[in-house]
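In this note's numbering, the protein residues as written are 137 to 411.
Down below is the structure, laid out as structure tokens.
As structure tokens, then:
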């Protein structure tokens, strides 16, 4: 099996078992291939080190990354069809002791988007979220560890709000899925277009609803709170394990507790349930 075929087979397998991530982890004499499924790590294969390095090089080439650069982290994106299944892959590499490690975040475009009532929420939680989304302004935070469906929940919320009566703008890194009727923008740090800069400009577009892919820094946190306090409904993800720590994280990022409390409608803290 050549390196290209091996890499494609592993990617297709990860998509078939509904894994959220595929990992190539370089060891001293081999490369371990693992997946994350429903939040848990599962080993898939171990391949010879040289073959593993060629597989990583192939994926980097397909994602438009610099295959000669091994000393610093790189990001890329690869959209392709794997044995008839269209996949959108977000790729990151990082140097380690024995070579590069690679993570592929898998987005199966054929699975499509979920409606809010398909997310598996308890009835009372679903009702609370619908009530929050009915408000004309305020801040809704979606939190949880990596790979627990925060973006899926945000897209479901946007679909619920996208009734033609509201102007909706999103700030994403990258745009995961095209939504008809929603004005979607992608950050581009190379051009100086990061979340804070993009958010400041989107506010000039007079949206009713703003979705922020992730609150990462003080400027984004402060601007999101100001927007929520000035007549916009703001939805955003935040890396925090539980709801209470999301509030703490916002304060650590410099949000004024008074202004945060006046606009925060609620926090959705979620996990994936193994079935």
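Cβ coordinates follow ideal geometry from the N, Cα and C atoms, glycine included.
Cα-Cα, which of the options is closest to residue i?
| i | options | result |
| --- | --- | --- |
| residue 381 | 404, 221, 362 and 187 | 404 |
| residue 358 | 346, 321 and 396 | 396 |
| residue 193 | 178, 162 and 219 | 162 |
| residue 298 | 259, 280, 251 and 363 | 251 |
| residue 237 | 258, 253 and 188 | 188 |
| residue 338 | 177, 171, 373 and 360 | 360 |
| residue 140 | 198, 171, 310 and 176 | 198 |
| residue 310 | 164, 206, 213 and 168 | 213 |
| residue 354 | 392, 340, 142 and 247 | 392 |
From residue i to residue j, what does the alpha carbon distance come to, in whole angstroms?
| i | j | result |
| --- | --- | --- |
| residue 186 | residue 166 | 8 Å |
| residue 195 | residue 221 | 17 Å |
| residue 385 | residue 376 | 7 Å |
| residue 151 | residue 282 | 17 Å |
| residue 145 | residue 273 | 46 Å |
| residue 369 | residue 332 | 17 Å |
| residue 348 | residue 240 | 22 Å |
| residue 154 | residue 245 | 12 Å |
| residue 184 | residue 138 | 12 Å |
| residue 356 | residue 340 | 15 Å |
With 9 Å as the threshold, decide whether the Cβ of residue i is near any Cβ in chain B.
| i | result |
| --- | --- |
| residue 313 | The chain labelled as chain B is not found in the depicted structure, where only one protein chain is given. |
Does the beta-carbon of residue i have 16 or more other beta-carbons within 10 angstroms, so that it is buried, or is it exposed?
| i | result |
| --- | --- |
| residue 277 | buried |
| residue 387 | exposed |
| residue 156 | buried |
| residue 270 | exposed |
| residue 406 | buried |
| residue 172 | buried |
| residue 177 | exposed |
| residue 371 | buried |
Thinking C-beta only, is residue j closer than 9 Å to residue i?
| i | j | result |
| --- | --- | --- |
| residue 147 | residue 218 | yes |
| residue 295 | residue 265 | no |
| residue 408 | residue 285 | yes |
| residue 326 | residue 308 | no |
| residue 243 | residue 224 | yes |
Can you give, in chain order, each stretch of the alpha helix (DSSP H) that sits fully within the stretch 181-226 and has at least 4 residues?
The alpha helix (DSSP H) runs lying completely inside the stretch 181-226 and spanning 4 residues or more are 185-198, given in chain order.
Scan the stretch 251-334 and note each continuous alpha helix (DSSP H) run of 4 residues or more that stays entirely inside, going in chain order.
For the stretch 251-334, whole alpha helix (DSSP H) runs of length 4 or above, ordered along the chain, are 259-269 and 286-297.
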